[in-house]
Every structure is written in C-alpha cells, then in structure tokens.
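Asks:
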Amino acid sequence: MPWLIILLAYLIGSVPTAYIVGRGTRGVDIREVGDENMGAANAFRELGPRAGVTVFFIDLAKGALCLLLARVLGAGLEVALLAGAAAVAGHNWPVFAGFRGGRGLSTAIGALLVALPQPVLILAVPALLALAVKKNVSLAAGVLFAPLWLVSWITGAPPVLLAYSIAMPLLVGFTHFVRTRKKLPHRV
C-alpha cells in the first residue's frame, strides 16, 4: 500500500494548477509566457496577483494534503514524508502536462508546513519580509530554506524530520538549478 500512497501523491502533485488557472482566466498557457515556469511566481507576474496567490495556495495545499492523506490512510511518518516529496516531484514533472512543471516551491512549503510546522512558521516571518522588501521569490525561498535544518534541529526535530528539512529544499533547489541552467547561454 505505501507505493500506492506515493503514486497517488505524485498524481495529486501533477495537477497543473498554474496551467488550469492561466487557461481558465486568460486563455494563456503559462508555460509559454514569462519565465515559462508553471508556478505561482510566474502566474503572479503574468496572470496577475489574484491568479498568483490562488496558484500559490492551491499548490501549497497539494503538498500539505499529500502528507495528511498518507497519515489518514494509515501510513507511517516515513511514507507520509515520501508522499510529500512525491507531490513536489509531481508538481515539477507533471504527468498531466507533458512533464513540464514548476520548481516545486509552493508544494514543498505545504509539505514542510505539515511535517515541520514550528520551524516553517518561525522562518516564514523573515521570508515574507524579504519577499515584501526585495520582491524576489528566490531570495525569500533562500531565507526560508537555508536555515530550515538549523531551526528544525534547535526546535527538537527527530532525525527523520531533520533529514527532510534538508532533502526538500535540495529537491526544489535542484529543479531551480536545472531549469535556470537551461535558460543560460552556453559558453564554450
């Protein structure tokens, strides 16, 4: 049954929120405008604040839902954490959108909020402040993710959650690196 929960989480993560909102509100394929990323930040810039915030909260809910659903279905903590990671993988490489997704930031935040609520809420304050002042999502993500392992350790997270506080930001960072690198001009 654990593999079924993880597969279900991947499929939930694969629901292309920004694509659906873009097509539904403006008739736009979000993967063809702006930075071509199917995430909340691109939706905010290209479709407007209302669409961007909507995409953010739905994508966040996908990550949170997958952890909660795994627990409701009787999965242990480790399987629930894998379900959260599967939701992020589904968001990043969605089966329903030709495997062209987002970077997983909002979905990862949702999963981390359920897994590590205290550290995430502590770090949300400086992250939101960085976002408000600098208007830079990558900076805000760094403020949230870089010290997450440390704040998780300080607040007494067990080893499996401490590992999760490192692994999830690495998954988002990896996707961001790969997508950004594809857009950079290649030098010989």
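Counted from 1, the sequence shown has number 293 at position 98 by the working numbering; the numbering is strictly sequential.
C-beta atoms are modelled at their ideal positions from N, C-alpha and C, and glycine is treated no differently.
Given the structure is predicted, the values throughout are model-derived calculations rather than measurements.
Would you call residue 304 buried or exposed, if buried means 16 or more other Cβ atoms sit within 10 Å of its Cβ?
Replies: buried
Asks: At what residues does the alpha helix (DSSP H) containing residue 317 begin and finish?
Replies: 312-329
Asks: Any idea if residue 196 is buried or exposed, counting beta-carbon neighbours within 10 angstroms, 16 or more meaning buried?
Replies: Result: exposed.
Asks: Does residue 341 come out as helix, strand or coil in the three-state DSSP assignment?
Replies: coil
Asks: Going by DSSP in three states, residue 209 sits in which element: helix, strand or coil?
Replies: coil
Asks: Give the DSSP-derived three-state secondary structure of residue 232 in the structure shown.
Replies: Coil, per DSSP.
Asks: Taking 8 Å as the threshold, find out whether the segment 237-246 comes into contact with the segment 203-218 through three or more Cβ pairs.
Replies: yes
Asks: State buried or exposed for residue 340, treating a residue as buried only when at least 16 other CB atoms are found within 10 Å of its CB.
Replies: buried
Asks: Can you tell me whether DSSP reads residue 223 as helix, strand or coil?
Replies: coil
Asks: Can you say whether residue 381 is buried or exposed, counting buried as having 16 or more other CB atoms within 10 angstroms of its CB?
Replies: Bear in mind that the predicted position of residue 381 carries a pLDDT of just 47, short of 50, making it unreliable; the figure below should be weighed with that in mind. That one is exposed.
Asks: Assuming residue 278 contacts residue 200 under a Cβ cut-off of 8 Å, what Cβ separation, rounded to an integer in Å, is found between them?
Replies: 6 Å
Asks: Leaving out five residues on either side along the sequence, give the residues of the same chain with a beta carbon under 7 Å from the beta carbon of residue 308.
Replies: 259, 315
Asks: Can you say whether residue 202 is buried or exposed, counting buried as having 16 or more other CB atoms within 10 angstroms of its CB?
Replies: exposed
Asks: Can you round the beta-carbon distance between residue 284 and residue 208 to whole angstroms, since I take them to be within the 8 Å contact cut?
Replies: 6 Å
Asks: With DSSP run on the structure shown, which of helix, strand or coil describes residue 196?
Replies: In this structure, DSSP gives residue 196 a state outside helix and strand, which the three-state scheme calls coil.
Asks: Once you ignore the five residues that flank residue 232 on each side, which residues in its own chain have a CB closer than 7 Å to its CB?
Replies: 297, 298, 374
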